[in-house]
Amino acid sequence: MSGPPRGAETRPVHEALAATRLVDHHCHGVVTDALDRQGFESLLTEGAAWPGISPFDSPVGVAVRRHCAPLLDLPRHASPEDYLARRAELGVREVDRRFLTAAGTDVLCVDTGHLPERLSTPAQLAEAAGGTAYEVVRLESVAEAVAARGVTARSYADGFRAAALEAVGRTGVVAVKSVAAYRTGFDLDPARPTEQEVTRAAGEWLARGGRLADPVLVRHLLWTAVDLGLPLQLHTGFGDSDIRMHRVDPTLLTDWLHLTAGTVPVLLLHCWPYQRQAAYLAAVFEQVYLDVGLTLHHVGPARSRAILAEALEITPFRKLLYSSDAYGLAEFHLLGALSFRQGLGALLQERVDADELSLPDALRVAAWTSGDNARRLYGLPAPAPSHQAGATERPPSPESMI
Amino acid sequence: MSGPPRGAETRPVHEALAATRLVDHHCHGVVTDALDRQGFESLLTEGAAWPGISPFDSPVGVAVRRHCAPLLDLPRHASPEDYLARRAELGVREVDRRFLTAAGTDVLCVDTGHLPERLSTPAQLAEAAGGTAYEVVRLESVAEAVAARGVTARSYADGFRAAALEAVGRTGVVAVKSVAAYRTGFDLDPARPTEQEVTRAAGEWLARGGRLADPVLVRHLLWTAVDLGLPLQLHTGFGDSDIRMHRVDPTLLTDWLHLTAGTVPVLLLHCWPYQRQAAYLAAVFEQVYLDVGLTLHHVGPARSRAILAEALEITPFRKLLYSSDAYGLAEFHLLGALSFRQGLGALLQERVDADELSLPDALRVAAWTSGDNARRLYGLPAPAPSHQAGATERPPSPESMI
Amino acid sequence: MSGPPRGAETRPVHEALAATRLVDHHCHGVVTDALDRQGFESLLTEGAAWPGISPFDSPVGVAVRRHCAPLLDLPRHASPEDYLARRAELGVREVDRRFLTAAGTDVLCVDTGHLPERLSTPAQLAEAAGGTAYEVVRLESVAEAVAARGVTARSYADGFRAAALEAVGRTGVVAVKSVAAYRTGFDLDPARPTEQEVTRAAGEWLARGGRLADPVLVRHLLWTAVDLGLPLQLHTGFGDSDIRMHRVDPTLLTDWLHLTAGTVPVLLLHCWPYQRQAAYLAAVFEQVYLDVGLTLHHVGPARSRAILAEALEITPFRKLLYSSDAYGLAEFHLLGALSFRQGLGALLQERVDADELSLPDALRVAAWTSGDNARRLYGLPAPAPSHQAGATERPPSPESMI
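Those protein sequences? They're chains A, B and C, same order as listed. Take 1 as the starting number for the first sequence in full-length UniProt numbering and just add one per residue. Take 1 as the starting number for the second sequence in full-length UniProt numbering and just add one per residue. Take 1 as the starting number for the third sequence in full-length UniProt numbering and just add one per residue.
Take a look at the structure:
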């Protein structure tokens with residue numbers, strides 16, 4: 001079976017996961033302006049909206065029509081036209097509220113470093129979701145802002161460090177993130193670069209301009225992350241065409257993980273198609289954790305179980321986290337949560353049914369991966385009692401710490 | 001379930017796929033001479049016929065005995081001895097006719113570049129299949145023919161281009177193909193080589209002789225393909241022991257795909273075990289398409305669904321094509337078609353049963369991948385009306401455009 | 001289904017596999033001292049025992065509690081505390097006897113090269129298992145012993161060769177093994193190094209000390225293995241954090257396999273997550289065989305079928321072997337055997353049920369992979385008649401050839 005069997009929603013693991021409010025440890029805001037068809041379709045895909053090939057004709061498009069349409073009062077599998085018309089009719093705020101509420105997310109850790117001007121703020125996201133938002137600081141954005149402000153090659157390292165320290169000192173920041181995967185990949189010299197190397201590389205970058213993509217500066221960024229002391233999220237695997245997939249196998253980081261053992265937790269985000277490689281690292285390095293975000297909403301519930309099953313083959317149950325990596329569309333917040341709940345629920349329930357796993361163990365694994373692991377790692381407060389009790393009623397009135 | 005459940009043939013997606021006449025966008029001819037056991041076994045494997053290890057004792061051997069034997073009037077799972085005896089008794093022409101007819105292929109795009117003297121021509125293949133054949137020009141064969149005819153280093157580039165233009169100008173040619181995967185792998189400098197580089201490399205190759213395997217000339221071949229303007233098929237992944245598998249991950253082509261965006265469609269053939277990497281490229285590059293040919297008959301219906309499921313995790317439904325990559329044995333034309341129909345049928349029907357996909361959507365995906373995508377891409381005519389109606393009767397009288 | 005359905009134990013393939021005494025062609029001894037919780041947990045994982053993350057909270061920990069607890073007279077899914085208390089109460093000898101007997105292993109090929117002083121000898125292991133033990137000589141340990149004894153750079157090659165010849169001349173030695181994967185990975189120059197290269201590299205190593213990890217000496221070791229003429233086992237893929245996973249893709253060995261074709265059999269051990277790459281090599285190189293040991297007990301019966309299914313997609317059925325790669329804990333001898341039997345049984349029975357495979361063929365594949373392939377490859381004697389008859393009674397009185 002690719003998806004859970006019908007009637008599965010009455011089974012105990014599915015029930016527990018349905019009632020659990022999730023910690024989404026890596027997501028983004030949603031676009032605050034109204035979207036026309038082209039705007040919506042371009043957000044629906046990691047590719048682009050190509051002539052003659054609708055992004056709706058894809059696994060994620062099918063999942064949106066199946067699982068999101070009913071929340072807009074449409075029948076399952078509604079047509080793209082009907083879907084977009086109804087979406088426009090309801091308006092962005094109402095659409096976002098419906099999906100974010102239905103996602104059942106208690107905590108959102110929001111990466112604010114990619115085109116924040118188009119997106120809702122963490123506070124707005126938390127309000128719509130009826131949860132609490134924290135912030136994840138994207139270090140490349142910090143470095144690029146330092147460069148944009150004007151800095152000399154010689155003062156780049158100090159300037160970046162100061163800006164990063166300031167950024168992570170803001171209220172609500174719980175982690176930093178790097179998109180080294182997009183810039184150089186992971187096939188880097190693992191050693192901390194010297195001051196001279198950084199100054200030389202910074203001089204070249206500042207003269208050249210553009211994104212931070214110099215291998216020395218990317219290494220310097222990763223080592224600066226180590227100094228900051230916060231958990232470090234690393235984009236891994238699947239993304240848009242800027243990725244060179246063969247250079248983002250996370251096991252390319254092995255030497256660097258040896259050098260940084262005992263320092264900060266490293267969270268491998270998304271990972272597909274390298275979920276097994278990420279699982280290996282999580283099994284042998286104390287500091288490594290993983291999720292299969294992004295993939296979850298792209299493949300939908302039809303394949304989330306299969307991918308979670310690979311990710312969990314050898315991963316210690318304390319090492320898997322949930323993220324949606326939703327970006328731009330509130331649909332992705334919902335689909336990520338749904339794919340995680342249904343995929344993990346089916347996987348665990350099946351093992352319970354085969355007596356490979358006891359029900360109490362399955363419920364512990366569900367609770368850990370859906371929230372407890374993230375709460376422990378980021379030092380987040382325990383959920384409010386009504387959430388722990390697995391309340392299925394509407395969440396309490398929206399509030400955000402930010 | 002690894003294969004479709006019994007009784008599955010009565011379900012709508014399976015029925016539709018069973019009634020659909022396929023477009024096999026990449027295959028080869030069949031051996032026209034009678035084959036003894038050694039000859040048959042050596043074609044049955046991508047390895048060789050080794051002492052003490054019969055190629056029949058493999059997934060493809062089991063699939064032949066299970067699915068091909070009944071078409072030779074033998075019981076399912078007939079012994080290799082009975083199978084070969086009956087095959088010889090019927091004779092090559094009758095055997096080929098039975099398998100090619102049963103494959104239900106409407107269009108065959110035939111790579112004529114590998115040992116064509118042993119194989120049936122596209123016209124013969126089309127006649128036996130009751131379909132229409134088109135030709136795929138293998139560019140390495142064109143280049144090697146130019147070298148064999150005698151050419152100077154300085155005139156190689158022009159001579160190759162002229163010969164390629166002439167080849168693709170022949171009636172019925174719809175695509176070109178490269179086996180760069182076999183020659184250098186994909187870890188190539190993505191840039192178009194300069195004239196001087198090509199002349200120098202051609203001089204060395206012409207002096208040395210042998211197959212075209214120089215990295216500069218392989219790059220030049222790929223860029224010449226871009227100039228020709230036809231869809232470019234690229235062998236990817238699984239093949240014989242000439243492959244260096246770690247050098248044929250298709251994501252090694254990412255830089256080249258960026259440079260050639262907006263030019264020719266690129267069809268990644270076979271792809272296993274890199275079907276997820278190929279799917280990523282198809283999801284983020286407009287010009288990239290894929291199939292899981294070759295694998296289909298090697299793994300048989302027992303695993304085709306699993307591999308198609310990985311290939312389709314994120315692939316836009318307009319981007320997957322069907323090919324058998326059958327070579328030498330008509331059994332492979334049948335097995336490829338059967339594995340595709342059963343694997344895709346099981347995958348889609350299961351999603352329909354789980355209400356993850358609507359039946360009309362499932363039927364559209366089946367129609368697209370089994371033929372419409374290829375027809376659109378290669379500019380092939382629409383199928384005759386009786387085929388569109390899903391006729392299950394014998395195909396009309398054999399005809400070929402070649 | 002991730003595991004076999006309940007009631008599956010009454011089906012013929014499962015029954016046959018349950019009654020088959022296995023050949024475990026690669027395993028290790030078990031720790032002979034009593035283990036406290038920390039000692040047990042550190043053996044339970046390829047990582048380490050980390051504060052706050054119990055190795056019991058992992059797929060292998062769950063499998064131990066599910067499948068091993070009942071053999072210690074505890075309920076299924078017993079708590080770690082109860083499990084460890086009962087294990088201590090029974091004592092190491094009784095615990096080992098129970099698990100090794102229950103594993104139903106007829107022949108154990110034991111790698112004696114890693115910390116043998118902590119572990120039971122092959123003879124002790126055979127006695128506890130009620131089977132016969134053979135020895136596998138780890139060549140890196142031989143080389144390091146030569147270096148430790150004192151040798152000059154110039155005499156290293158001869159000294160190593162003499163020591164290796166002596167080691168493989170011992171009674172009961174059936175194979176050699178290399179852990180090149182741990183030392184350099186497989187991205188090596190495939191050519192046999194020259195005498196001068198070896199002398200120079202040996203000089204540097206002897207001066208530097210430490211483990212044998214020089215690329216020239218690792219190549220020399222692999223070529224020495226070829227000269228020895230015995231089957232060569234190669235650790236591949238999953239292991240502890242010394243592995244650089246991206247350098248142990250077995251297809252990196254392709255050039256070396258071409259150069260050594262026609263010499264010794266090469267057994268790719270474990271392979272995960274490269275089981276498909278290993279299968280490709282087994283399909284195209286006569287001398288290549290594979291197993292999915294180590295993985296089997298780490299993933300447990302819940303996922304062994306899925307991994308075996310990938311390993312068997314294209315692997316000739318004469319090319320897959322069984323190993324547990326159990327190390328330290330007798331639990332792993334049991335879990336490896338159980339995961340293999342249940343995973344392979346489910347996979348084959350399902351194909352029989354779908355009529356993709358005949359029952360006699362399924363039983364042959366089961367017999368080949370569970371023992372016959374290894375017996376043929378290592379030249380082991382046929383099993384005693386009662387075993388061939390599939391006796392399910394307790395094995396005969398313990399005996400060992402060593």
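Where a beta carbon is used, it is the ideal one built from N, C-alpha and C, also for glycine. Being a predicted model, the structure only gives us computed values, none of them experimental.
Val299(B) has a beta carbon lying within less than 8 Å of a beta carbon in chain C. Sorting Gln287(A), Cys109(A), Ala213(A), Ser155(A) by C-alpha distance to the C-alpha of Tyr134(A) places Cys109(A) at the top.
Annotated three-state conformation of Glu286(B) is coil, per DSSP. With contacts defined as CB atoms closer than 8 Å, Asp325(C) and His14(C) fail to qualify as a contacting pair. Leaving aside the five residues that flank Leu165(B) on each side, the residues in its chain whose CB is nearer than 8 Å to its CB run, in chain order, Leu228. DSSP places Ile53(B) within a strand segment (E or B) once states are collapsed to three.
Per DSSP, reduced to three states, the secondary structure at Asp106(C) is strand. A Cβ-Cβ distance of about 11 Å is found for the pair Asp361(C) and Arg76(B), leaving them out of contact under the 8 Å criterion. Neighbours of Ala278(C) in chain A, taken as residues whose beta carbon is under 8 Å from its own, are absent, since the nearest beta carbon is some 14 Å off.
In terms of Cβ geometry, Trp50(B) and Glu286(C) form a close pair [threshold 8 Å].
Under a criterion of Cβ atoms nearer than 7 Å, no residue of chain B is adjacent to Asp291(A); the nearest Cβ is some 17 Å distant. The shortest C-alpha to C-alpha distance from Thr236(B) to any of Cys271(B), Ala225(B), Met245(B) is the one to Cys271(B). The shortest CA-to-CA distance from Ala103(A) to any of Gly131(A), Ser339(A), His333(A), Glu350(A) is the one to His333(A). Judged by DSSP in its simplified three-state form, Gly328(C) adopts strand. By the neighbour-count definition (other C-beta atoms within 10 Å, threshold 16), Asp249(A) is a buried residue. In the three-state DSSP reduction, Ser178(C) falls in the strand class (E or B). The C-beta of Glu46(C) comes closer than 8 Å to at least one C-beta of chain A. Considering only beta carbons, the part of the stretch 27-46 of chain A lying closer than 9 Å to chain B consists of Thr45, Glu46, in chain order. Ala306, Ile307: these are the residues of the stretch 306-322 of chain A whose beta carbon lies less than 8 Å from some beta carbon of chain B, given in chain order. With a threshold of 8 Å between beta carbons, Arg66(C) makes contact with chain A. In the three-state DSSP reduction, Cys271(C) falls in the coil class, being neither helix nor strand. When 8 Å is used as the limit between beta carbons, Arg183(C) is near no residue of chain A, the shortest such separation being about 14 Å.
Going by DSSP, Leu252(B) is part of no alpha helix (DSSP H) at all; its letter is neither H nor E. Taking 9 Å as the upper bound on Cβ-Cβ separation, chain B lies near residues Leu347, Glu350, Arg351, Asp353, Ala354 of the stretch 338-354 of chain C. For Glu140(A), the closest alpha carbon among the candidates Val95(A), Arg170(A), Thr224(A), Arg97(A) is that of Thr224(A). Here Glu89(A) carries a helix assignment [DSSP, helix/strand/coil].
In its chain, beyond the 5 residues on either side, Val31 have a beta carbon closer than 6 Å to the beta carbon of Arg118(B). Contact with chain A is found for Trp50(C), since one of that chain's Cβ atoms lies less than 8 Å from the residue's Cβ. Under a criterion of Cβ atoms nearer than 8 Å, the residues of chain C adjacent to Phe285(A) are, in order, Gly47, Ser241. Within chain B, the residues whose beta carbon sits less than 7 Å from that of Ser358(C) are His77, listed in sequence order. Residues of the stretch 244-256 of chain B with a Cβ closer than 7 Å to any Cβ of chain A, in chain order: Asp249, Thr251, Leu252, Thr254.
Minimum Cα-Cα distance from Ala145(C) among the listed residues Ala163(C), Asp158(C), Ala129(C), Arg154(C) corresponds to Ala163(C). Pairing Val216(C) with Pro190(C) gives a Cβ-Cβ distance that is not under 8 Å.
Close CB contacts of Arg98(C) within its chain, under the 6 Å cut and outside five residues either way in sequence, are with Leu71 (chain order).
Per DSSP, reduced to three states, the secondary structure at Tyr134(B) is strand.
The Cβ atoms of Gly293(A) and Leu329(A) lie no closer than 8 Å to each other.
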